[in-house]
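Numbering (my numbering), first residue to last: 149 to 941. In this text, a Cβ means the ideal position worked out from N, Cα and C, and glycines have one as well. It should be emphasised that the depicted structure is a prediction, and the values quoted were computed from it without experimental measurement. To keep things clear, I will list the structure first and then write my remarks on it.
Take a look at the structure:
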């Protein structure tokens, strides 16, 4: 029998009244056998692009006569679905005979690499004998609209595998699509299979896989019901795709799995490390246990251990197998070639106290009675069994406005694992340096262990000598024990020692207004200015005490010291303007949320002289500096206060003008004399003369990049090559120059490419008629700004 295949695009389908309609985007072809049909479809696959086929629909009829609109709509289907159903008809029948589950172990670092559980992974076998992995299998099932059926088949077989081959108390992680979880009857179906095979509910973890965008609030309601029945929840591939922080916040997961790409990319990348640490920090605060996926190298494992993670899976330990096996590769030896940190002789357990706790079912009267008994305690941790839920604060508990425990319960502060390494703890202190609240410690299962007072162990962490403990991670200046030892030795051996204490004014307010990223940039800027000023001088050591405080240790009385310090202030004032918004610069001050105004870009410097009295140690020096700082802080704006009788106060005489911008633009202008083309090394000689440029590129008048990036050879491997043809018309460095035909210099920002603080300079290139011919753009890092600004007028 002859049949007709009608092919049309989605737009035509939306307006059609029958399969035979007027228009150019439709074709009707006849065929008699299934083989002929497949030949037609294969020809279309070869001829058309995937994008075109995605928008193509088909309809089969017995003739070319019009049929009713409703009948046409019911019989029409997307081309890809139609093709898959005819190409792979076996997918339309029972799927379980084609499915085989494979099991990959999850190991526990805390138990020496012992197997903690298994993840069940789908493998689909075609009639031709080809095996498809899970991603390929579900992609194929999606073409025939049978992802739900494949999902159920995998879950059924995974549960059977659990009952037959995985011991009790060893959890199995079963992947489930969000739409399956929210489908009617799914939970009853799962519980019924578990009951049939006598599977303990605590041994089953429902792993929510990455899928199409899901409403987190709706998904959270279904997950709450799953948890009520005793099953646990895991979130897969956190940090990629749709499994974002909002789902993590809404769905109270017991486990989260960190996407393998984040683990791989974070190594050696400060930006991605901050992202990974933020995910870990949020997960810990929510009481989630973290599992790192996709570990394949020794470096991956060491890195995850140093981050304080305790569970992992990946090909390093074992490949997925059809039969679960406890045989996994041993954890790698922690030798120096792979060690991120020196052996950790610091034990956080020494500083954990059990703290005051109260059950969530207690009344407000019981809470008040508890605080009356423990009169010196300000905070109690609210527990649901062994799980911490929140904290009660004495002030709220005794407030007359509250009548129930829930009304005065605050969210949990930071939650950390009780076995966290000191190296990780130090990073957390740095990231949360504005937070002085207690931290909650939990074990690997999320059960409450006790509380930690951060400030009690801060001194211990600072005094420990780690692999990079002698250099501050932000400024790369001497810090910690080495700085203190150098300072004490100088004071002990040299009565003429001069100490110069430099700190930023209103820095905490600046952080509150602009955030930690810009705050770090301001610290880095000041440190680079100081480094550049003293790098060639003898008899002086530059140190970073911490935060926004720096110190200079002179082993002699420097006659020109005041001039040098005023020059540092002037340089900072000239460069720091790139760290403020234009409106704040125009006003000369910025306003914080409390309504207070703070002046922009000022520095206070205190000079302590040995000749004014013996300085026995660094503590005495700091006390004398504090007196001078108090005098300086009473002044609005930058100031130098020198210890004397009485103390001398020196103000900058005039606003400093730095020609670093002119020099940078002049250097960029000089590149116009050089032949520029598609050659990626055209400007290599220029980078030797102007090493402060990290990358240079040129834009067409419409904002499209004309040639590939010219990269400073020192930046190879950090900045991506290429770039030609990219539309950069939405960038400020294009728009501002295109509008004004004048040079443009951006504010300072953190570059995701070089992971350093930079700014962008762009220069218009005009033809003889004054029309824009192109724009030359270059990035300069913060250290180069200090170099360009270092020469005195």
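Taking the C-alpha atoms as reference points, what is the distance between residue i and residue j?
i	j	result
residue 477	residue 625	41 angstroms
residue 628	residue 676	19 angstroms
residue 539	residue 514	15 angstroms
residue 880	residue 894	8 angstroms
residue 913	residue 855	15 angstroms
residue 318	residue 376	20 angstroms
residue 742	residue 862	45 angstroms
residue 428	residue 688	41 angstroms
residue 303	residue 452	30 angstroms
residue 288	residue 407	23 angstroms
residue 899	residue 907	9 angstroms
residue 449	residue 436	20 angstroms
residue 342	residue 348	8 angstroms
residue 660	residue 600	25 angstroms
residue 662	residue 892	22 angstroms
residue 485	residue 475	Summary for residue 485: the model assigns pLDDT 37, below 50, so the residue's position carries little reliability, and this model does not support an answer.
residue 246	residue 233	16 angstroms
residue 790	residue 797	6 angstroms
residue 792	residue 760	7 angstroms
residue 704	residue 734	42 angstroms
residue 795	residue 728	32 angstroms
residue 886	residue 915	14 angstroms
residue 922	residue 725	28 angstroms
residue 551	residue 782	46 angstroms
Comparing C-alpha positions only, which one of the options sits nearest to residue i?
i	options	result
residue 752	320, 769, 799	799
residue 785	720, 665, 692	720
residue 685	852, 448, 701	701
residue 200	226, 186, 179	226
residue 98	797, 330, 241	An answer regarding residue 98 cannot be provided, because it is not within the stretch 149 to 941 covered by the chain.
residue 252	441, 293, 276, 373	441
residue 459	530, 928, 565, 362	565
residue 559	587, 533, 546, 551	587
residue 256	456, 237, 274	456
residue 694	334, 622, 683, 437	622
residue 642	758, 773, 736	758
residue 710	598, 777, 787, 202	787
residue 242	637, 272, 263	272
residue 888	185, 873, 918, 870	918
residue 768	683, 707, 640, 860	640
residue 276	300, 238, 313	238
Beta-carbon separation of residue i and residue j under 8 angstroms?
i	j	result
residue 510	residue 537	no
residue 351	residue 382	no
residue 949	residue 926	Here the chain has residues from 149 to 941 only, and residue 949 is not among them.
residue 244	residue 339	no
residue 410	residue 384	no
residue 249	residue 309	yes
residue 208	residue 155	no
residue 673	residue 928	no
residue 179	residue 188	yes
residue 504	residue 528	yes
residue 933	residue 763	no
residue 229	residue 293	yes
residue 871	residue 853	yes
residue 296	residue 274	no
residue 526	residue 516	no
residue 439	residue 598	no
Kindly say whether residue i, judged by its beta-carbon, lies nearer than 8 angstroms to any beta-carbon of chain D.
i	result
residue 352	Among the chains of the structure shown, chain D does not appear; only one protein chain is present.
Are there any heavy atoms of the ligand MN lying less than 7 angstroms away from the beta-carbon of residue i, as far as the coordinates show?
i	result
residue 297	Although the ligand MN was asked about, the structure shown includes no ligands whatsoever.
- Which full runs of the alpha helix (DSSP H) of 4+ residues lie inside the segment 266 to 334, going along the chain? 282 to 291, 295 to 313, 326 to 329
- Any alpha helix (DSSP H) of 4 or more consecutive residues that is wholly inside the segment 461 to 542: 512 to 521
- Item | Three-pair Cβ contact test at 8 angstroms for the segment 260 to 272 versus the segment 456 to 476 | yes
- Item | Whole runs of the beta strand (DSSP E) within the segment 686 to 733, excluding any shorter than 3 residues | 688 to 694, 697 to 702
- Item | Segments assigned beta strand (DSSP E), at least 3 residues, entirely inside the segment 757 to 822 | 787 to 790, 796 to 798
- the segment 642 to 658 contacting the segment 736 to 754, beta-carbon criterion three pairs below 8 angstroms: yes
- Query: Are the segment 844 to 860 and the segment 816 to 833 in contact at 8 angstroms, needing three or more beta carbon pairs?
  - Reply: Enough Cβ pairs lie closer than 8 angstroms, so yes.
- What are the complete beta strand (DSSP E) segments, minimum 3 residues, inside the segment 619 to 694? Taking 3 residues as the minimum length, the beta strand (DSSP E) runs contained wholly in the segment 619 to 694 are 646 to 652, 688 to 694, in order along the chain.
- Task: Could you name each continuous beta strand (DSSP E) segment of 3 residues or more that falls completely within the segment 230 to 272, going from the start of the chain to the end?
- Result: Entirely contained in the segment 230 to 272, the beta strand (DSSP E) runs reaching 3 residues are, in chain order, 247 to 256.
- Ignoring anything shorter than 3 residues or poking outside the segment 869 to 916, list the beta strand (DSSP E) runs there in chain order. 905 to 914
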